[in-house]
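K.L.:
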């Protein structure tokens with residue numbers, strides 16, 4: 034039996050009417066003879082509401098209790114979906130994370146998936162039922178409910194698809210797919226019908242919000258065919274396929290714009306061995322992701338060190354940086370939240386030299402100054418003033434001919 | 034270690050402030066050296082909200098999915114309580130129904146508790162932790178989450194106390210305890226400091242809402258000392274003790290008033306063998322509890338049959354009665370929801386003759402006519418016009434001297 038894993042996010046199951054629409058579509062697909070596992074997120078903003086209650090109780094709520102609390106969100110979704118499918122006469126079975134065989138590490142709120150034993154889900158599908166699986170959750174070795182943090186239900190869906198050997202994993206969202214740029218910033222943005230895992234991972238890391246890089250990484254590792262679809266139309270949007278199946282195309286596949294990072298700068302850092310390591314050690318230990326780093330040597334033999342962190346971690350990063358700045362005898366620590374990280378991503382970069390230069394040149398022509406630069410094999414990122422973000426996306430979209438793909 | 038089981042109902046954990054107040058009290062009791070298991074209901078009206086969603090999906094939501102849905106309510110309560118206790122520095126551990134060892138039958142939404150294996154909860158308490166247990170839920174033999182229906186978390190608490198061999202089970206509610214009559218109907222009502230299991234079961238069955246008879250029944254069976262306390266003050270209210278420890282007192286201990294029943298009447302029932310059985314068979318099969326039954330023979334050789342059912346089951350009962358009335362060639366089926374069932378309960382009835390007569394007489398003197406009568410060894414119930422319910426409670430409270438206890 035050909036098994037398909039479908040994942041519906043929070044906005045797709047935000048109310049009973051939306052759940053009914055999805056159930057109707059699932060029923061139809063099942064009639065077509067496909068075996069279906071459905072992975073669901075919590076309804077709408079219900080997870081945020083639960084987190085809000087927890088934060089009222091404590092600044093640092095007990096993570097084990099937090100997971101028990103958050104897991105109810107997906108449990109409610111799968112129960113309501115089961116009722117709706119049964120009302121339509123569709124046989125189905127629900128699976129909480131642990132019932133679906135998701136064993137994780139014991140790091141509450143950010144557990145890693147260790148193993149997926151899909152046998153119960155598989156048996157259910159093979160007996161003709163739709164398997165309805167709670168996303169985002171698993172169980173630790175000490176039998177406590179865990180949640181898997183970033184990437185959440187997308188990651189659940191892809192991992193389940195890999196374990197089931199499913200023919201395809203369909204991620205339903207409130208957009209039509211992945212675009213060459215954010216359509217709200219750039220009217221000419223085109224739907225990317227096909228993309229490679231590598232490009233999508235870079236785009237996701239660079240702030241394109243459609244898929245989380247963790248789910249793409251698992252899909253790439255296990256060769257899961259991953260599709261982003263619109264949950265309102267059900268139509269295929271963007272398919273992720275191995276790089277080898279991508280025909281030669283444009284140099285650049287997409288542009289992302291990330292407004293969720295902030296910049297921390299430490300002035301007058303003494304130019305001594307080990308200083309940089311000393312500065313980043315406490316930040317790494319606190320679990321804060323540092324993205325771009327830039328070091329400028331000023332005339333007086335001092336360095337200025339700047340780096341970006343997620344905005345939500347800015348306050349903690351500042352506190353840690355101030356402590357360490359005093360320790361290494363550096364100067365003032367300043368922060369700026371008014372930045373945008375613009376990234377261009379494309380497999381074509383490997384074979385085309387001068388892509389980064391072309392990017393910098395196009396921005397310079399429009400008077401957009403670059404504060405920081407970062408590169409990978411198939412990505413170039415620049416940090417600019419947030420107020421020029423939209424301009425930058427439009428300029429680069431035109432420069433690399435993305436509207437004409 | 035002396036173990037106490039405490040149960041807090043929905044109104045007692047309706048918001049974070051109330052949860053904090055309870056947590057503070059638990060912390061204090063633990064410092065006093067008591068081992069504590071806390072059984073919680075879902076917050077406020079959250080269960081009603083979940084039921085509302087389910088009823089929007091279907092007139093008869095799938096009961097298995099319903100249990101999965103409803104179980105989230107108590108799961109949220111225990112998670113929030115655990116966060117609050119940890120914030121106060123109190124070590125604690127949470128237990129969903131299945132983790133607390135509650136094995137039930139597979140009758141979803143009204144499962145029977147089959148076995149309670151309290152070893153995990155016990156180990157947690159003995160290691161110095163407060164055990165926080167989700168009420169109202171268990172797990173079936175086919176590993177599906179179940180809820181236990183009527184009596185809910187009270188029943189969980191008493192069954193857990195019995196299994197743990199706890200010294201006492203404290204049921205915290207939003208009232209001060211059980212009164213001789215509903216204080217909102219009768220200003221003279223007095224708090225019953227002590228009562229027997231038997232009396233409390235009859236009072237509960239007759240509609241006193243403080244404890245459900247199912248929990249009292251389990252307490253009686255396993256000799257659990259049961260206390261009703263006010264969740265706002267924490268003070269002891271009503272203690273349930275074995276009958277043998279009750280000293281001779283008043284003939285009547287309490288009066289209850291139940292407005293939740295409705296009367297169904299079938300006219301012109303042919304006076305044939307087996308007709309009554311034929312009428313009640315489909316109603317019993319539908320799981321509808323019939324309480325009082327009265328049969329009056331009219332002059333033409335016909336009987337009129339009346340019986341009471343819970344108001345929530347009235348529509349189903351009417352439908353079934355109409356079908357069977359046609360089958361047995363009886364007359365019209367009518368219903369009345371404007372009734373009140375007034376019951377007087379007391380162990381003293383056993384040794385005092387004429388209690389029922391005294392009740393009927395007192396009501397007659399005030400012009401209150403009796404529509405139906407039911408009796409047990411320690412209870413007399415009458416059905417009267419709902420509009421005279423408050424009068425009847427006051428008259429009987431005075432007649433049996435309950436204000437002077």
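Chains as they are written, first to last, in our numbering: chain W, 34 to 438; chain A, 34 to 438. Even for Gly, the Cβ is constructed at its ideal location relative to N, Cα and C. No experiment lies behind these values; they were computed from the predicted model shown.
What's the gap between the Cα of residue 361 (chain A) and the Cα of residue 328 (chain A)?
P.N.:
By 1-based counting over the second chain, the position of residue 361 (chain A) is 328. By 1-based counting over the second chain, the position of residue 328 (chain A) is 295. If I take the Cα positions, the gap works out to 16 Å.
K.L.:
To be precise: take each residue of the region 100-112 of chain W, compare its Cβ to all Cβ atoms of chain A, and keep it if any distance is under 9 Å. Which residues remain?
P.N.:
Listed by position, the residues of the region 100-112 of chain W near chain A (Cβ gap below 9 Å) are 100, 101, 102, 103, 104, 105, 106, 108, 109, 111 and 112.
K.L.:
Could I get the ranges of all uninterrupted alpha helix (DSSP H) runs contained in the region 294-360 of chain W, with 4 residues as the minimum, in chain order?
P.N.:
308-318 and 347-360
K.L.:
Quick one, are the C-beta atoms of residue 114 (chain A) and residue 68 (chain A) less than 8 Å apart?
P.N.:
Along the second chain, read from residue 1 onward, the residue named residue 114 (chain A) stands at position 81. Along the second chain, read from residue 1 onward, the residue named residue 68 (chain A) stands at position 35. No, they are not a contact pair.
K.L.:
Using CA atoms only, rank isn't needed, just tell me which of A:357, A:307, A:140 and A:436 is closest to residue 182 (chain A).
P.N.:
As a working note, residue 182 (chain A) is residue 149 in the second chain. Nearest C-alpha to residue 182 (chain A): A:140.
K.L.:
Rank W:143, W:336, W:310 and W:289 by C-alpha distance to the C-alpha of residue 304 (chain W) and give the top, closest one.
P.N.:
Locating residue 304 (chain W) in the first chain gives position 271, counting from the first residue. Here the closest residue by C-alpha is W:336.
K.L.:
Which residue marks the beginning of the beta strand (DSSP E) containing residue 106 (chain A), and which one marks its end?
P.N.:
Counting from 1 along the second chain, the entry for residue 106 (chain A) is found at position 73. Residue 106 (chain A): not part of any beta strand (DSSP E); member of the alpha helix (DSSP H) spanning 96-120, first to last residue.
K.L.:
In angstroms with no decimal places, state the Cα-to-Cα distance between residue 37 (chain A) and residue 81 (chain A).
P.N.:
If you number the second chain from 1, residue 37 (chain A) lands on position 4. If you number the second chain from 1, residue 81 (chain A) lands on position 48. The straight-line gap from Cα to Cα measures roughly 29 Å.
K.L.:
Taking contact to mean at least 3 C-beta pairs separated by less than 8 Å, is the region 167-182 of chain A in contact with the region 226-235 of chain A?
P.N.:
no
K.L.:
Could you check if residue 148 (chain A) is buried or exposed, using at least 16 other CB atoms within 10 Å of its CB as the buried criterion?
P.N.:
Locating residue 148 (chain A) in the second chain gives position 115, counting from the first residue. Its Cβ having fewer than 16 others within 10 Å, residue 148 (chain A) is exposed.
K.L.:
Would residue 94 (chain A) pass as an interface residue toward chain W - the criterion being a Cβ-Cβ separation below 8 Å?
P.N.:
For this step, residue 94 (chain A) is matched to residue 61 along the second chain. Closer than 8 Å to some Cβ of chain W, the Cβ of residue 94 (chain A) qualifies, so yes.
K.L.:
Quick one: give me the first and last residue of the alpha helix (DSSP H) that residue 238 (chain A) is part of.
P.N.:
In the second chain, counting from the first residue as 1, residue 238 (chain A) sits at position 205. Annotation for residue 238 (chain A): the continuous alpha helix (DSSP H) segment containing it runs 230-238.
K.L.:
Is the beta carbon of residue 249 (chain W) sitting closer than 8 Å to the one on residue 193 (chain W)?
P.N.:
Translated into the one-based positions of the first chain, residue 249 (chain W) becomes position 216. Translated into the one-based positions of the first chain, residue 193 (chain W) becomes position 160. Contact: no.
K.L.:
With a 10 Å radius around its C-beta and 16 neighbouring C-beta atoms as the bar for buried, classify residue 159 (chain W) as buried or exposed.
P.N.:
One-based indexing of the first chain puts residue 159 (chain W) at position 126. Under this definition residue 159 (chain W) is an exposed residue.
K.L.:
Would you check if there are 3 or more beta carbon pairs closer than 8 Å linking the region 189-206 of chain W to the region 93-103 of chain W?
P.N.:
In short, these stretches do not touch, since the Cβ pair count stays below three.
K.L.:
Identify the residues that DSSP records as bridge partners of residue 291 (chain A): which are they?
P.N.:
Position 258 of the second chain, counting from 1, holds the residue named residue 291 (chain A). Bridge partners of residue 291 (chain A): A:374.
K.L.:
Please list the segments of the beta strand (DSSP E) lying wholly inside the region 150-187 of chain W, counting only runs of 3 or more residues, in order along the chain.
P.N.:
163-167, 170-172 and 178-180
K.L.:
Measure the C-alpha to C-alpha separation of residue 46 (chain W) and residue 52 (chain W) and round it to an integer number of angstroms.
P.N.:
Here residue 46 (chain W) corresponds to residue number 13 of the first chain, with the count starting at 1. Here residue 52 (chain W) corresponds to residue number 19 of the first chain, with the count starting at 1. Approximately 5 Å, taken between the alpha carbons.
K.L.:
Pull up the DSSP beta-bridge partners for residue 269 (chain A), would you.
P.N.:
Residue numbering aside, residue 269 (chain A) sits at position 236 when the second chain is read from its first letter. Bridge partners of residue 269 (chain A): A:262.
K.L.:
With 16 other CB atoms within 10 Å as the buried threshold, where does residue 402 (chain A) fall?
P.N.:
The residue given as residue 402 (chain A) occupies position 369 in the second chain. Exposed, since its Cβ has fewer than 16 Cβ neighbours within 10 Å.
K.L.:
Where residue 325 (chain W) and residue 118 (chain W) are concerned, what is the direct C-alpha to C-alpha distance, given to the nearest angstrom?
P.N.:
Working through the first chain from its first residue, we reach residue 325 (chain W) at position 292. Working through the first chain from its first residue, we reach residue 118 (chain W) at position 85. Rounded to the nearest angstrom, the two C-alpha atoms are 47 Å apart.
K.L.:
What residues in the region 41-61 of chain A have a beta carbon less than 9 Å from any beta carbon of chain W?
P.N.:
Residues passing the 9 Å Cβ filter: 49, 52 and 53.
K.L.:
Relative to the alpha-carbon of residue 132 (chain W), which residue among W:120, W:123 and W:157 has its alpha-carbon at the smallest distance?
P.N.:
As a first step, residue 132 (chain W) is located in the first chain; it is residue number 99 there, counting from the start. Closest by alpha carbon: W:157.
K.L.:
Which partner residues does residue 416 (chain W) have in the DSSP bridge list?
P.N.:
Here residue 416 (chain W) refers to the residue found at position 383 of the first chain. Bridge partners of residue 416 (chain W): W:374 and W:405.
K.L.:
Would you mind giving the Cβ-Cβ distance between residue 302 (chain A) and residue 363 (chain A), rounded to the nearest angstrom? I have them listed as a contact below 8 Å.
P.N.:
Reading the second chain from its first residue, position 269 is the one you call residue 302 (chain A). Reading the second chain from its first residue, position 330 is the one you call residue 363 (chain A). By a beta-carbon distance limit of 8 Å, residue 302 (chain A) contacts residue 363 (chain A). Their separation comes to about 4 Å.
K.L.:
By Cβ distance, which residues of its chain are closer than 6 Å to residue 376 (chain A), with the 5 residues on each side in sequence left out?
P.N.:
Mapped onto the second chain, residue 376 (chain A) falls at position 343. Here the set comprises 239, 289, 412 and 414.
K.L.:
DSSP beta-bridge partners for residue 201 (chain W)?
P.N.:
As a first step, residue 201 (chain W) must be located in the first chain, where it is residue number 168. Per DSSP, the beta bridge partners of residue 201 (chain W) are W:37.
K.L.:
Note down the Cα distance separating residue 226 (chain W) from residue 84 (chain W), rounded to an integer number of angstroms.
P.N.:
Here residue 226 (chain W) refers to the residue found at position 193 of the first chain. Here residue 84 (chain W) refers to the residue found at position 51 of the first chain. Their backbone Cα atoms lie some 36 Å apart in a straight line.
K.L.:
Give, in chain order, every residue of the region 153-166 of chain A whose Cβ lies closer than 8 Å to some Cβ of chain W.
P.N.:
none
K.L.:
Where residue 419 (chain A) and residue 215 (chain A) are concerned, what is the direct C-alpha to C-alpha distance, given to the nearest angstrom?
P.N.:
Working through the second chain from its first residue, we reach residue 419 (chain A) at position 386. Working through the second chain from its first residue, we reach residue 215 (chain A) at position 182. Rounded to the nearest angstrom, the two C-alpha atoms are 15 Å apart.
K.L.:
Quick one, which residues of the region 354-372 of chain A are near chain W if we go by CB-CB under 9 Å, in chain order?
P.N.:
Cβ proximity to chain W below 9 Å picks out nothing from the region 354-372 of chain A.
K.L.:
Quick check: is the beta carbon of residue 119 (chain W) nearer than 8 Å to any beta carbon in chain A?
P.N.:
As a working note, residue 119 (chain W) is residue 86 in the first chain. Residue contact check for residue 119 (chain W) against chain A: a CB pair falls below 8 Å.
K.L.:
Is the Cβ-Cβ distance between residue 161 (chain W) and residue 210 (chain W) less than 8 Å?
P.N.:
On the first chain, residue 161 (chain W) is found 128 positions in, with the first residue counted as 1. On the first chain, residue 210 (chain W) is found 177 positions in, with the first residue counted as 1. Not a contact, by the Cβ cut-off of 8 Å.
K.L.:
In chain order, what residues of the region 123-152 of chain W put their CB closer than 7 Å to some CB of chain A?
P.N.:
127
K.L.:
Assuming residue 116 (chain W) and residue 90 (chain A) form a contact by the criterion Cβ under 8 Å, report the distance between their Cβ atoms to the nearest whole angstrom.
P.N.:
Translated into the one-based positions of the first chain, residue 116 (chain W) becomes position 83. Translated into the one-based positions of the second chain, residue 90 (chain A) becomes position 57. Yes, residue 116 (chain W) and residue 90 (chain A) are in contact; Cβ-Cβ is about 5 Å, under 8 Å.
K.L.:
Quick check on the DSSP output: what are the complete alpha helix (DSSP H) runs of length 4 or more inside the region 36-79 of chain W, in order along the chain?
P.N.:
49-64
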